[in-house]
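Before any comments, here is the structure.
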Amino acid sequence: MCACINCATQTDKNDNEKNTTLKQVQEIEKNEKTHKTNYTKIGDSIGLIVLKDNYCEKDTIKIYNEDGSLWYKFTYYYDDSDGKFDYPNDEFQPRGFKPDYFVLAMEVVIEDKYGYQVFVNKKIDLKKRIKKETFLQFLTWEEYVLKAFAVRFNNAKNPIHKTSEDESETIIYKQDNFYHPVKVKDEWLQIKWGEENNWSYGWIKWREENRLLIEIYLFA
Numbered sequence: 031m032c033a034c035i036n037c038a039t040q041t042d043k044n045d046n047e048k049n050t051t052l053k054q055v056q057e058i059e060k061n062e063k064t065h066k067t068n069y070t071k072i073g074d075s076i077g078l079i080v081l082k083d084n085y086c087e088k089d090t091i092k093i094y095n096e097d098g099s100l101w102y103k104f105t106y107y108y109d110d111s112d113g114k115f116d117y118p119n120d121e122f123q124p125r126g127f128k129p130d131y132f133v134l135a136m137e138v139v140i141e142d143k144y145g146y147q148v149f150v151n152k153k154i155d156l157k158k159r160i161k162k163e164t165f166l167q168f169l170t171w172e173e174y175v176l177k178a179f180a181v182r183f184n185n186a187k188n189p190i191h192k193t194s195e196d197e198s199e200t201i202i203y204k205q206d207n208f209y210h211p212v213k214v215k216d217e218w219l220q221i222k223w224g225e226e227n228n229w230s231y232g233w234i235k236w237r238e239e240n241r242l243l244i245e246i247y248l249f250a
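Counting the sequence shown from 1 gives a position; my numbering is that position plus 30.
Structure (structure tokens):
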């Protein structure tokens, strides 16, 4: 009788473990499906990780391998009297990284409850993991574009239009102007140029399907 009870208990335990594993897999699949539906993808990425304004001296950026081991860590607070970054890593080449200006932009491949899988070097398809932190922020591509100071684009292939329609009248492009992002409408980006209280406005395409058509400049 005891043997039967033990056998039944072990069977229930195995079933519970299987159900737990199945739930975890289903949750990850659900997350990935949700991201594919809700986020605009550029290449393989659904958005970007950037620094929040609350980043401070006690905060450290830690990037991990898939097995959970530490791959790289650094802080933006360091002694730069010699003009050199104190935490060099030639493999770390994300979309945006300027220690002197507290700039970080890592493209996100997957977001889950454990954190993010990010590109640390897209040229060599190198991906790592980063945990969710109070000083880090996830931005969609649309949000990231709108945070830029200015954008650059190929006017010959991507002319400025008066409205967000291919058939609308085009506007003369002046190379010396800064073109500032205003708002996003699907694949279209409204831009402005000129001077305060005397802005000119137009529309360009910021993406074509999952390909980025603009260069993004965070500073003047």
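Heads up, the beta-carbon is just placed ideally off N, CA and C, and yes, glycines get one too. All of these numbers come straight from a predicted model, not from anything done at the bench.
Measure how close the beta-carbons of F179 and L248 come, nearest whole angstrom, since I'm counting them as under 8 Å. The count along the sequence shown starts at 1 and reaches residue 179 at position 149. The count along the sequence shown starts at 1 and reaches residue 248 at position 218. So it is a contact: roughly 6 Å between Cβ atoms.
Would you mind stating whether K92 and Q123 have Cβ atoms separated by less than 8 Å? On the sequence shown, residue 92 is found 62 positions in, with the first residue counted as 1. On the sequence shown, residue 123 is found 93 positions in, with the first residue counted as 1. No, the Cβ-Cβ distance between K92 and Q123 is not below 8 Å.
Near D116, what residues of its chain come up, given a Cβ to Cβ distance below 6 Å and the 5 sequence neighbours on each side ignored? The residue labelled residue 116 in the question sits at position 86 within the sequence shown. Taken in chain order, the residues that qualify are Y108.
Let me confirm a value: I72 is counted as buried when at least 16 other C-beta atoms fall within 10 Å, else exposed. Which label applies? Taking the first residue of the sequence shown as position 1, residue 72 is located at position 42. Per the 10 Å Cβ criterion, buried.
For P211, does the three-state DSSP call read helix, strand or coil? Residue numbering aside, residue 211 sits at position 181 when the sequence shown is read from its first letter. In this structure, P211 counts as strand in the three-state DSSP scheme.
Within 10 Å of its beta-carbon, does N227 have 16 or more other beta-carbons around it, so buried, or fewer, so exposed? Counting from 1 along the sequence shown, the entry for residue 227 is found at position 197. By the neighbour-count rule (16 or more Cβ atoms within 10 Å), N227 is not buried but exposed.
What is the residue span of the beta strand (DSSP E) that W223 lies within? Taking the sequence shown and counting its residues from 1, the one referred to as residue 223 is at position 193. Counting along the chain, the beta strand (DSSP E) containing W223 begins and ends at W218 to E225.
Taking only runs that begin and end inside the region 163-195, name each unbroken alpha helix (DSSP H) of 4 or more residues, in chain order. 171-176
If the criterion is Cβ atoms closer than 8 Å, does the pair V175 and W236 meet it? Working through the sequence shown from its first residue, we reach residue 175 at position 145. Working through the sequence shown from its first residue, we reach residue 236 at position 206. Cβ distance < 8 Å, so V175 and W236 count as in contact.
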